[in-house]
Amino acid sequence: MTLCPCASGQAYADCCARPHGGEAAATALALMRSRYCAYVLGAGRLSAGYLAPVDAAAGAASGR
Ligand SMILES: [Zn+2]
């Protein structure tokens, strides 16, 4: 297995692969990890269209 670059200690497939594939992240922390992970994996290879809705979801998850 490949450990996730976000240092969660989980396999990538069980961690950031889910939000990267369009699935909603379970927690705000998972969102932050997935964004860091996306940066490590591709340094922006994932489109801005991915990052924008994550910002909206992070705001909602923080209770605003
Ligand atoms: Zn991860």
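The sequence shown begins at 0 in numbering that gives the first Met the number 0 and counts up by one. C-beta: ideal position from N, C-alpha, C; glycine also.
For A10, three-class secondary structure by DSSP: The residue labelled residue 10 in the question sits at position 11 within the sequence shown. Three-state DSSP puts A10 in a strand.
Own chain, CB closer than 8 Å to C36, minus 5 neighbours either side, in chain order: The sequence position of residue 36 within the sequence shown is 37, counting from 1. Contacts found: C3, P4, C5, Y11, C14, C15 and H19.
Within 7 Å of ligand 1: residues by beta-carbon to any heavy atom: C3, P4, C5, S7, Q9, Y11, C14, C15, R32, S33 and C36
Nonlocal neighbours in the same chain, by C-beta distance under 8 Å from T1, ignoring five residues either side: Numbered from 1 along the sequence shown, position 2 holds the residue referred to as residue 1. A10, Y11 and A12, listed in sequence order.
Distance CB(R34)-CB(S7) smaller than 8 Å: As a first step, residue 34 is located in the sequence shown; it is residue number 35 there, counting from the start. As a first step, residue 7 is located in the sequence shown; it is residue number 8 there, counting from the start. No, they are not a contact pair.
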